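Engineer: Protein chains in written order, with UniProt numbering: chain A, 1 to 330; chain B, 1 to 330. Note that CB positions come from ideal geometry on N, CA and C, so glycine has one too. Remember, it's a predicted structure, so these values are computed and weren't measured experimentally. Here you go, one structure.
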DNA sequence: AATTTTTGTGGAAACGTTACCACTAAGCAC
DNA sequence: GTGCTTAGTGGTAACGTTTCCACAAAAATT
């Protein structure tokens with residue numbers, strides 16, 4: 001049926017082992033290498049990666065498990081990971097969990113069955129607790145979410161700092177009654193909440209944090225309910241880019257003007273955050289760097305399996321826009 | 001090292017073939033199946049997918065080659081494809097070409113080496129011409145872009161109709177000097193251009209179409225140059241969601257109000273198109289359906305390889321918003 | 001010149017599965 | 001009871017590679 005290395009060997013007039021060496025590395029005379037390459041062209045031979053992986057015990061595959069590729073943060077990180085992987089001659093298997101622990105478990109065993117070289121994972125809090133390093137046969141790098149203790153290599157944003165930056169920014173613009181909307185399923189949400197509460201407390205303010213399920217709709221509903229209250233906050237700190245669409249939509253629906261009736265500050269510097277009037281103040285995450293750094297950590301771990309685990313904490317960049325314009329003195 | 005089927009067989013006290021049958025399908029006594037499952041649990045056995053694929057000659061893998069997963073259209077389609085695939089017990093290999101024919105060729109041979117069961121592909125015009133069905137060892141479904149003649153199964157938007165709908169909409173709102181901005185590398189851009197020109201001609205209007213490379217920056221630059229002209233159009237028809245961000249940004253930079261100074265209508269109903277004032281009029285593509293339908297076509301092709309090829313043409317939905325508000329009578 | 005090392009090659013044994021074949025024992029029809 | 005099917009099982013040959021080993025010839029070292 002399909003042409004294999006044996007056919008190439010026959011056409012080239014050499015042994016299969018020579019063909020294998022000629023295609024990979026290994027001592028082969030220039031002359032023979034020519035012949036083999038000619039035979040490959042003549043026969044249209046394409047190596048069978050399953051066979052290669054089985055025999056060599058190297059899959060050259062890395063797994064990437066994220067909540068939802070439609071979340072622009074993960075899209076960008078995913079793209080960076082893929083680029084780095086393909087540049088290193090590796091493939092990527094991408095899985096979406098929708099923050100569902102059951103699916104996380106499912107995909108985790110899939111990764112085992114694929115015998116991936118390594119895994120990049122953004123787990124929910126629920127599975128984070130269940131993860132034991134020794135249960136996996138490959139190194140794992142956590143992104144966006146941190147585990148307890150230095151159990152795994154990790155790369156994430158300095159979430160506490162980022163939240164504090166936003167709080168500082170809002171306070172400096174005159175806002176004091178600031179609410180916070182955070183994702184319920186990730187440690188990211190918790191960290192951002194903590195940073196927010198700490199920064200508020202440091203300024204003698206009391207914050208109110210609310211947690212919502214990880215979807216734009218949930219955020220919209222929560223924001224709508226909150227903003228309908230007579231004692232609604234003056235400003236809302238919003239934990240991610242998905243939520244931001246929901247919050248802005250809720251404000252629009254209720255006829256509230258940004259920032260006049262409600263100021264908004266959030267995370268993820270998506271292109272549209274600049275375009276929606278009056279521009280949304282956001283923390284820009286170094287998404288490319290996160291993806292690349294995760295791959296770098298993975299490769300280093302593969303090279304030196306017993307090195308101490310590393311946690312790369314990256315700082316966000318605050319992009320101030322009209323959604324947090326200074327509150328007029330009353 | 002890692003536990004294999006032989007180990008399980010030994011622990012369960014049966015032969016390897018029995019273990020294989022017990023895990024897959026095949027006649028196995030209930031009693032033995034129990035024992036095998038117990039042995040699997042005891043040993044922590046995880047089947048090796050490379051071996052399974054090599055032996056069974058079924059990879060259960062489908063390839064997905066798109067321009068850029070960061071383009072929200074492809075993100076959504078990709079997500080739908082993945083869901084359908086994983087539901088069918090299949091894996092997905094995702095590749096980004098950035099509309100680069102060289103990378104398309106690279107990934108096409110990768111798909112061959114992976115021995116994928118099938119491929120879903122959004123090719124550039126350049127490779128579309130080069131594609132010969134007989135050169136591939138697996139069925140391929142084209143999405144978003146159509147090849148010449150019914151050579152491949154295809155699922156895409158009715159681009160001509162969609163463009164015409166937008167033109168009609170703009171004309172009915174009083175616009176006559178309407179320009180069009182289209183993607184240069186895809187048939188999609190060409191089809192939308194054709195539909196636009198035809199609809200303009202049908203109304204006795206002359207259109208002007210410009211092609212740009214597939215990036216938001218390119219669209220922004222092109223739009224800025226265009227809108228700086230004294231005889232700039234009253235309205236712009238914009239070929240995709242990526243371009244839309246660029247066009248809106250260009251308008252903002254030049255201080256042009258939408259729709260007062262420049263009306264905008266485009267493609268892809270992203271969440272933010274509703275949020276950017278005064279709301280962008282867009283054609284909403286049935287992205288989920290496109291992904292699902294592509295998978296469906298693929299599975300049907302696998303079942304009946306010799307059936308005539310099918311082309312599924314889906315209609316877009318026009319979502320009218322403020323960016324095309326009626327032109328005041330002068 | 002004798003030796004050791006290097007280079008290039010072929011044969012064959014893996015890698016971990018599944019699928020084919022052969023076989024036994026049991027069930028069923030006559 | 002004889003034949004015939006069927007369920008359940010084990011042995012073993014693939015699947016298409018890479019890698020180990022052996023070996024010859026050439027090159028380098030002594």
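(1) Specify the secondary structure class of residue 204(B) as computed by DSSP and reduced to three states.
(2) Of the residues 266(A), 113(A), 148(A), which one's Cα is nearest the Cα of residue 126(A)?
(3) Give me, in chain order, the residues of the same chain whose beta-carbon lies closer than 7 Å to that of residue 193(A); leave out the 5 immediate sequence neighbours on both sides.
(4) Three-state secondary structure (DSSP) at residue 125(B)?
(5) Please name the residue, chosen from 178(A), 259(A), 177(A), 65(A), that lies closest to residue 320(A) on a Cα-to-Cα basis.
(6) Do three or more CB pairs link the region 205 to 225 of chain B to the region 233 to 243 of chain B at distances below 8 Å?
(7) Identify, in the order they occur along the chain, each residue of the same chain with its Cβ nearer than 8 Å to the Cβ of residue 89(B), setting aside the five sequence neighbours on each side.
(8) In whole angstroms, give me the CA-to-CA distance for residue 249(B) and residue 67(B).
(9) Would you check if there are 3 or more beta carbon pairs closer than 8 Å linking the region 274 to 291 of chain A to the region 290 to 305 of chain B?
(10) Please list, in chain order, the chain B residues whose beta carbon lies closer than 9 Å to that of residue 125(A).
(11) Indicate the three-state DSSP secondary structure (helix, strand or coil) for residue 140(A) in the structure shown.
(12) Between which two residues does the beta strand (DSSP E) carrying residue 162(A) extend?
(13) Measuring only between beta-carbons, confirm whether residue 112(B) sits less than 8 Å from chain A.
(14) So, helix, strand or coil for residue 211(B), using DSSP?
(15) Could you confirm whether any beta carbon from chain B is found closer than 8 Å to the beta carbon of residue 324(A)?
(16) List the endpoints of the continuous beta strand (DSSP E) containing residue 178(B).
(17) Any beta carbon from chain B within less than 8 Å of residue 226(A)'s own beta carbon?
(18) Closest Cβ-Cβ distance between residue 6(A) and chain B: below 8 Å?
(19) Taking only three categories from DSSP, how would you classify residue 326(A)?
(20) Going by the beta-carbon positions, is the gap between residue 124(A) and residue 75(A) smaller than 8 Å?
(21) Can you say whether residue 231(B) is buried or exposed, counting buried as having 16 or more other CB atoms within 10 angstroms of its CB?
(22) Quick one: what's got a C-beta closer than 8 Å to residue 160(B)'s C-beta in the same chain, skipping five residues either side?
(23) Within 10 angstroms of the Cβ of residue 189(B), are there 16 or more other Cβ atoms? Answer buried if so, exposed if not.
(24) Do you know offhand how far residue 310(A)'s Cα is from residue 154(A)'s?
(25) Do you know how far the Cα of residue 322(A) is from the Cα of residue 100(A)?
(26) Can residue 87(A) and residue 96(B) be called in contact, C-beta distance under 8 Å?
(27) Please identify, using Cβ separations under 9 Å, the residues of the region 32 to 54 of chain B that lie next to chain A, in order along the chain.
(28) Suppose you measure from the CA of residue 31(B) to the CA of residue 18(B); what does that come to, to the nearest Å?
(29) To the nearest angstrom, how far is it from the Cα of residue 115(B) to the Cα of residue 303(B)?
(30) Can you check whether the CB of residue 92(B) is closer than 8 Å to the CB of residue 298(B)?
(31) Going by beta-carbon coordinates alone, are residue 145(A) and residue 156(A) separated by less than 8 Å?
(32) Apply the 10 Å Cβ neighbour rule to residue 276(B) and answer buried if 16 or more other Cβ atoms are within range, or exposed otherwise.
(33) By the criterion of Cβ-Cβ separation under 7 Å, what are the contact partners of residue 87(B) in chain A?
(34) Helix, strand or coil for residue 5(A), going by three-state DSSP, please let me know.
(35) List the residues of chain B that residue 311(A) touches, going by C-beta distances under 8 Å, in chain order.
(36) Just checking: is the beta-carbon of residue 137(B) within a distance shorter than 8 Å of some beta-carbon in chain A?
Structural biologist: On the basis of the coordinates in this document:
(1) In this structure, residue 204(B) counts as coil in the three-state DSSP scheme.
(2) For residue 126(A), the nearest C-alpha among the options comes from 148(A).
(3) Closer than 7 Å at the Cβ level, and outside the excluded window around residue 193(A), lie 180, 182, 209.
(4) In the structure shown, residue 125(B) falls within a helical segment according to DSSP collapsed to helix, strand and coil.
(5) Ranking 178(A), 259(A), 177(A), 65(A) by Cα distance to residue 320(A) puts 259(A) first.
(6) In short, these stretches touch, since the Cβ pair count reaches three.
(7) Shown here for residue 89(B): same chain residues with a beta carbon closer than 8 Å to its own, the five before and five after excluded, namely 60 in chain order.
(8) The alpha-carbon of residue 249(B) is positioned some 23 Å away from that of residue 67(B).
(9) Output reads no: the region 290 to 305 of chain B does not touch the region 274 to 291 of chain A.
(10) Ordered by position in chain B, no residue passes the 9 Å Cβ test against residue 125(A), which lies about 23 Å from the chain.
(11) In this structure, DSSP gives residue 140(A) an extended state, which the three-state scheme calls strand.
(12) Where residue 162(A) is concerned, there is no enclosing beta strand (DSSP E), although the alpha helix (DSSP H) it sits in stretches over 159 to 172.
(13) So yes, residue 112(B) belongs to the interface.
(14) Strand, per DSSP.
(15) For residue 324(A), the answer is no, since every Cβ of chain B falls outside 8 Å of its Cβ.
(16) 178 to 183 is the extent of the beta strand (DSSP E) around residue 178(B).
(17) When Cβ-Cβ separations below 8 Å define contact, residue 226(A) makes no contact with chain B.
(18) Answer no: the Cβ-Cβ gap between residue 6(A) and chain B never drops below 8 Å.
(19) Three-state DSSP puts residue 326(A) in coil, outside helix and strand.
(20) Against a cut-off of 8 Å, the Cβ pair of residue 75(A) and residue 124(A) comes out as no contact.
(21) It is exposed - the Cβ of residue 231(B) has fewer than 16 other Cβ atoms within 10 Å.
(22) Non-local C-beta neighbours of residue 160(B) in its own chain, meaning closer than 8 Å and more than five positions away in sequence, comprise 191, 192, 194, 195, 198, ordered along the chain.
(23) Buried: at least 16 other Cβ atoms inside 10 Å.
(24) Each residue's Cα considered, the two are about 6 Å apart.
(25) Roughly 36 Å separates the two Cα atoms.
(26) Their beta carbons are not under 8 Å apart, which means residue 87(A) does not touch residue 96(B) by this criterion.
(27) Listed by position, the residues of the region 32 to 54 of chain B near chain A (Cβ gap below 9 Å) are 44, 46, 47, 48, 49, 50, 51, 52, 53, 54.
(28) Roughly 12 Å separates the two Cα atoms.
(29) A straight-line Cα-Cα distance of about 17 Å links residue 115(B) and residue 303(B).
(30) Cβ distance not < 8 Å, so residue 298(B) and residue 92(B) don't count as in contact.
(31) In this structure, residue 145(A) lies near residue 156(A), with their beta-carbon atoms less than 8 Å apart.
(32) Buried.
(33) For the C-beta of residue 87(B), not a single chain A residue is nearer than 7 Å; the gap to the nearest is close to 12 Å.
(34) Correct three-state label for residue 5(A): helix.
(35) Result: empty, since nearest Cβ-Cβ is about 27 Å, beyond 8 Å.
(36) Among the CB atoms of chain A, one or more fall inside 8 Å of the CB of residue 137(B).
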